[in-house]
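Engineer: Protein chains in written order, with my numbering: chain A, 527 to 730; chain B, 527 to 730. C-beta: ideal position from N, C-alpha, C; glycine also.
There are 2 protein chains.
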Amino acid sequence: MTTATPRRSFREQMLDVRQEAILQATSQLLCQKTFAAMTMDDVADAVGIAKASLYKHFSSKDDLCCAAVVQMLAQVRAYLEALEPEAAPLDKLRAVVGWSLERLLAQEIPEWPGSHSPLRTMLREHQDCLSEWGPVSQCLEQWITAAQQQGALDAALPPRVVLHILYARACDPAVGFLQDAGQYDDTEIVQLVLRTCFDGLAAR
Amino acid sequence: MTTATPRRSFREQMLDVRQEAILQATSQLLCQKTFAAMTMDDVADAVGIAKASLYKHFSSKDDLCCAAVVQMLAQVRAYLEALEPEAAPLDKLRAVVGWSLERLLAQEIPEWPGSHSPLRTMLREHQDCLSEWGPVSQCLEQWITAAQQQGALDAALPPRVVLHILYARACDPAVGFLQDAGQYDDTEIVQLVLRTCFDGLAAR
DNA sequence: GTCTATATGACGATAGAC
DNA sequence: GTCTATCGTCATATAGAC
Chain A
527 MTTATPRRSF
537 REQMLDVRQE
547 AILQATSQLL
557 CQKTFAAMTM
567 DDVADAVGIA
577 KASLYKHFSS
587 KDDLCCAAVV
597 QMLAQVRAYL
607 EALEPEAAPL
617 DKLRAVVGWS
627 LERLLAQEIP
637 EWPGSHSPLR
647 TMLREHQDCL
657 SEWGPVSQCL
667 EQWITAAQQQ
677 GALDAALPPR
687 VVLHILYARA
697 CDPAVGFLQD
707 AGQYDDTEIV
717 QLVLRTCFDG
727 LAAR
Chain B
527 MTTATPRRSF
537 REQMLDVRQE
547 AILQATSQLL
557 CQKTFAAMTM
567 DDVADAVGIA
577 KASLYKHFSS
587 KDDLCCAAVV
597 QMLAQVRAYL
607 EALEPEAAPL
617 DKLRAVVGWS
627 LERLLAQEIP
637 EWPGSHSPLR
647 TMLREHQDCL
657 SEWGPVSQCL
667 EQWITAAQQQ
677 GALDAALPPR
687 VVLHILYARA
697 CDPAVGFLQD
707 AGQYDDTEIV
717 QLVLRTCFDG
727 LAAR
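1) So which residues of chain A does B:Leu718 contact, with C-beta pairs closer than 7 Å?
2) Answer with buried or exposed for B:Ser626, where buried requires no fewer than 16 other C-beta atoms within 10 angstroms of its C-beta.
3) Return the chain-ordered list of same chain residues with a C-beta closer than 6 Å to the C-beta of B:His652, the five sequence neighbours on each side being excluded.
4) For A:Val701, I'd like the list of residues in its chain whose CB is within less than 7 Å of its CB, leaving aside the five on either flank, ordered along the chain.
5) How is the alpha helix (DSSP H) around B:Pro611 delimited, first residue to last?
6) Where does B:Leu679 fall in DSSP's three states?
7) How many whole angstroms separate the CB atoms of B:Leu649 and B:Val569, which I take to be in contact at a CB cut-off of 8 Å?
8) Under 6 Å Cβ to Cβ from B:Cys723, same chain only, skipping five residues before and after it: list those, please.
9) Given A:Val573, which residues of its chain have a CB within under 6 Å of its CB, disregarding the five upstream and five downstream residues?
10) Could you have a look at A:Ala562 and say whether DSSP puts it in helix, strand or coil?
11) Taking 7 Å as the threshold (beta carbon to beta carbon), is B:Ala728 in contact with chain A?
12) Going by DSSP, what residue range makes up the alpha helix (DSSP H) through A:Arg686?
13) What whole-angstrom Cβ distance do B:Ser643 and B:Phe561 have, given they're in contact under 8 Å?
14) For the candidate residues A:Met540, A:Ser553, A:Ser663, whose alpha-carbon lies nearest to that of A:Glu634?
15) The alpha helix (DSSP H) spanning A:Arg646 covers which residue range?
16) Could you pull out every residue in the same chain whose Cβ sits closer than 6 Å to the Cβ of A:Thr671, ignoring the five residues on either side in sequence?
17) To which residues of the same chain is B:Pro615 closer than 6 Å at the C-beta, ignoring the five residues directly before and after it?
18) So which of A:Glu637, A:Glu538, A:Asp711 has the shortest CA-CA distance to B:Val687?
19) I believe B:Leu692 touches B:Leu619 by the beta-carbon criterion, under 8 Å. Please report the beta-carbon distance rounded to the nearest angstrom.
20) Where do the N-terminal and C-terminal ends of the alpha helix (DSSP H) with A:Ser535 fall, by residue?
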């Protein structure tokens, strides 16, 4: 299944390792700071190399952060594909949102591009980055439609709307508010957000 | 009821007008840009005065944005107090969230302080700013409890949790996503977010 | 390719004339 | 109090030695 990868020289492998380290440091920093607040000095210090060396791997800050986001999207795709294909679509949707929230709380996932965030406007311009979203959205939308046909999701809502709501829940500001309140641990927060997302606030 | 305000000289009134213009421009800019992305030059240009003049009114960027947020909170309080006292608590809660979303869509309300936003950490340090939140939260929490007692809201959820969820919905990233999708007008977006917030995504 | 050192530009804040 | 002009600082990005 996997295409044969040509053997790489030691030198090239070293570069790959370093590149990977840079990406990981970037992802981690993007969890703690905003895209605007994160500096190239931060990244260089975290990796332990000179700032100038960064620019041998990535031509700009935008480029670097784009690559970090693409890497995150790849992880999402991997998670989607690893889910039990036979499971109920609704359960898979809950699982994905829950997984995202857990990683958000653990600061293992970069800032999701919110409404007017500079990261979002930056991503707009890099099309290779945007194109990674397609397969993810397509997969989720299929599950949404299936769940609606099974009567597990409100069929009156357009699938695209549900998709956007789920994206929003995957980076829900409520998580930060509940975390700051300090009354709940991470697991409880995930459960609360999932519950209010799918069941709503109203008495049933 | 109102305390007698001493008469102000023309000069003082001019200053007040200018101060108000600065605050309004700041609020408007904070709708379009992040706190970090908004510059004092932006504000000065929008008002049509020199940047140095800003510092005669507000001692720093933090100070200015704090004042803008306080002004926004005052508007929220005014809206809360203007709501029909006899109305059902649940309806009042829906109304407040809907009002916030409408103003968010119209870009008439500053960026709400999200999870790790620099604005949020900035507000932490200015206590006069934070103290404005108290009355708003107190009022909302009373309505939440009342709605739960009437069986209109899920009584199994702690009121504080409902409060934080509502705050999150009032600045829901879903609004931006749906707006970018371009398929729905503002009124529809508000209705969709309100519906999925209170009723959830699951079929009832 | 990696480093030190620096160019370039943006932003917050201030000085000083009027 | 308002302006023009400028300082100090920090961040992106680059130059040039090794």
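Structural biologist: Looking at the atomic coordinates:
1) Val687
2) buried
3) Cys592
4) Leu627, Leu630, Leu631, Ile715, Val719
5) Looking at the DSSP string, B:Pro611 is not in any alpha helix (DSSP H), and its letter there is neither H nor E.
6) strand
7) That pair is no contact at about 18 Å.
8) Arg695
9) Ala547, Ile548, Ala551
10) coil
11) yes
12) 685–696
13) 7 Å
14) A:Ser553
15) 644–651
16) Pro685
17) Trp669, Ala672, Ala673
18) A:Asp711
19) 7 Å
20) Where A:Ser535 is concerned, there is no enclosing alpha helix (DSSP H), given that its DSSP letter is neither H nor E.
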